[in-house]
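Visitor: Here it is, the structure in full.
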Amino acid sequence: NAGVTQTPKFQVLKTGQSMTLQCAQDMNHEYMSWYRQDPGMGLRLIHYSVGAGITDQGEVPNGYNVSRSTTEDFPLRLLSAAPSQTSVYFCASSYSKLSQETQYFGPGTRLLVL
Amino acid sequence: AQSVTQLGSHVSVSEGALVLLRCNYSSSVPPYLFWYVQYPNQGLQLLLKYTSAATLVKGINGFEAEFKKSETSFHLTKPSAHMSDAAEYFCAVGGSARQLTFGSGTQLTVLP
Numbered sequence: 002n003a004g005v006t007q008t009p010k011f012q013v014l015k016t017g018q019s020m021t022l023q024c025a026q027d028m029n030h031e032y033m034s035w036y037r038q039d040p041g042m043g044l045r046l047i048h049y050s051v052g053a054g055i056t057d058q059g060e061v062p063n064g065y066n067v068s069r070s071t072t073e074d075f076p077l078r079l080l081s082a083a084p085s086q087t088s089v090y091f092c093a094s095s096y097s098k099l100s101q102e103t104q105y106f107g108p109g110t111r112l113l114v115l
Numbered sequence: 613a614q615s616v617t618q619l620g621s622h623v624s625v626s627e628g629a630l631v632l633l634r635c636n637y638s639s640s641v642p643p644y645l646f647w648y649v650q651y652p653n654q655g656l657q658l659l660l661k662y663t664s665a666a667t668l669v670k671g672i673n674g675f676e677a678e679f680k681k682s683e684t685s686f687h688l689t690k691p692s693a694h695m696s697d698a699a700e701y702f703c704a705v706g707g708s709a710r711q712l713t714f715g716s717g718t719q720l721t722v723l724p
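As you go down the protein sequences, you meet chains A and B in turn.
Reminder that position 58 of the first sequence reads as 59 in the numbering used here, one-by-one numbering, no gaps.
Reminder that position 110 of the second sequence reads as 722 in the numbering used here, one-by-one numbering, no gaps.
If you want it as structure tokens, here you go:
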């Protein structure tokens, strides 16, 4: 199993550009989520999904869209990038939506918005 | 509502010394508690978790944590630090919400 994979590893954008961060898992996990990590702030939840076709907002959803058309994939879209979205983005998955489940994290995408 | 406070954003210990990373939580329901570790330029991986079974939880790499309800704490310890333990450590709480709330992290430095 590859686990949770993310692409790209690093991206530079200009303000106003759009892009999609890809996330895939091959563990047949029901729950997937996106976090952003900023210095001194830990990880903050952006969006999450409890199954194909079902998504919901986390703590910091503004400026981001998600969809979940398959169990395996959970892309994160930045519609119009802003410097405040410069961060490291992590995708995670777990077997179920229950909060006691272990989450498995991808290696991250470093995004720089100029 | 749930929250996590990690005391000390940076902790330095000598190799072979005790490691103690502090975590206090707030939760309106019985919590699930986690410690994750992040090595440089990598994602997070689970060290250990408490899910209402034994209050003393043993994890990987010799780490353990004790759930103390009266103190709302879940401190992480390791008797003897190794150079390979240098990393950032995150405490997280899960409860009624379908999501985890993470602390701000503690960077552990191990001195030779």
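By construction, the Cβ of each residue, glycine as well, lies at the ideal position given by its N, Cα and C atoms.
Model, not experiment: these values are computed from the prediction.
#1: Please work out which residues of its chain come closer than 6 Å, Cβ to Cβ, to Trp35 (chain A), disregarding the five sequence neighbours upstream and downstream, and give them in chain order.
#2: Which parts of the region 616–671 of chain B are runs of the beta strand (DSSP E), unbroken and 3 residues or longer, counting only runs that do not cross its ends?
#3: For Asp39 (chain A), which residues of its own chain have a beta-carbon under 6 Å away from its beta-carbon, when the five flanking residues on both sides are left out?
#4: Could you tell me if the beta carbon of Gln23 (chain A) falls within a distance shorter than 8 Å of some heavy atom in the ligand ATP?
#5: Whose C-beta lies closer than 6 Å to the C-beta of Ala704 (chain B) among residues of the same chain, with five residues either side of it excluded?
#6: Starting from the C-beta of Thr684 (chain B), find all residues in its chain whose C-beta is less than 7 Å away, skip the five residues before and the five after it, and write them out in chain order.
#7: Does the CB of Leu619 (chain B) have a neighbour CB from chain A at under 9 Å?
#8: Which of the three DSSP states is assigned to Gly52 (chain A) in this structure?
#9: Check this for me: beta carbons of Ser664 (chain B) and Tyr644 (chain B), under 9 Å apart or not?
Guide: This is what the structure holds:
#1: Ile47, His48, Leu77 and Cys92
#2: 622–626, 631–639, 644–650, 656–662 and 668–670
#3: Ser88
#4: No copy of the ligand ATP occurs in the structure displayed, which carries no ligand at all.
#5: Phe646, Leu712 and Phe714
#6: Asn636, Tyr637 and Ser638
#7: no
#8: strand
#9: yes
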